[in-house]
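**Student:**
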Amino acid sequence: MMGFVFESNEAFLALVLALAFLTYVFLRRLTRSSFGRVLRAIREDEIAAQALGKDVNKYKLTAMGIGAGFAGIAGGLFAHYITFIDPTSFVLNESVLMLLIVVLGGMGSLEGSLVGAVALVLLPEPLRLIGANSDITWLKTGFAQVRMAVYALVLLLVIIRLPQGLLGEGRNRK
Numbered sequence: 570m571m572g573f574v575f576e577s578n579e580a581f582l583a584l585v586l587a588l589a590f591l592t593y594v595f596l597r598r599l600t601r602s603s604f605g606r607v608l609r610a611i612r613e614d615e616i617a618a619q620a621l622g623k624d625v626n627k628y629k630l631t632a633m634g635i636g637a638g639f640a641g642i643a644g645g646l647f648a649h650y651i652t653f654i655d656p657t658s659f660v661l662n663e664s665v666l667m668l669l670i671v672v673l674g675g676m677g678s679l680e681g682s683l684v685g686a687v688a689l690v691l692l693p694e695p696l697r698l699i700g701a702n703s704d705i706t707w708l709k710t711g712f713a714q715v716r717m718a719v720y721a722l723v724l725l726l727v728i729i730r731l732p733q734g735l736l737g738e739g740r741n742r743k
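For reference, each letter of the sequence shown is one residue, going 570 to 743 in the numbering used here.
#1: Leaving out five residues on either side along the sequence, give the residues of the same chain with a beta carbon under 8 Å from the beta carbon of MET676.
#2: With DSSP run on the structure shown, which of helix, strand or coil describes VAL574?
#3: Grouping DSSP H, G and I as helix and E and B as strand, with all else coil, what is PHE595?
#4: Counting beta carbon pairs with one atom in the region 654-667 and one in the region 714-730, are three or more of them shorter than 8 Å?
#5: In angstroms, rounded to a whole number, what distance separates the CA positions of ALA640 and PHE590?
#6: How far does the alpha helix (DSSP H) with LYS627 in it reach, from first residue to last?
#7: By alpha-carbon positions, which one of PRO693, GLY634, VAL625 ends up nearest to MET717?
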């Protein structure tokens, strides 16, 4: 990648974590800036933001460009990691997972997105171990469906009980 050779997955993980941290810091500063406040105003009431003299289209295009830039970086890292990319690399399940991360973590919250991502990646793992370590044949073979049902049930309960997400903008935070 750009002349760098990663000897191990751990080295690549370190790069990804460093870039994720820098992305978080950048987005944190951006959302707390006047630009971020204008974007929130546009989200809440586009007509009111326009009435205050803000060029709504310019702000939307800039936000889209920033988002596309970060998506491009993530896509480049993903392509480098799997070493091959084609349209079948992106299935519906991945898109649903990304949406669930935002919904579970909370819309409008950077920390919520991080918590949602960690929860959705780590939640299925203990359930996977339950079926794998069993001596009962039906539990070993059929537990994948049970695991996904339990996973879906937990997600539904969280979404029903916490409609703003775990760390949504509407929740009281210090």
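The beta-carbon is built from N, C-alpha and C at its ideal position, and this holds for glycine as well.
**Tutor:** In brief:
#1: GLN733, GLY734, GLY737, GLU738
#2: coil
#3: helix
#4: no
#5: 15 Å
#6: 625-651
#7: PRO693
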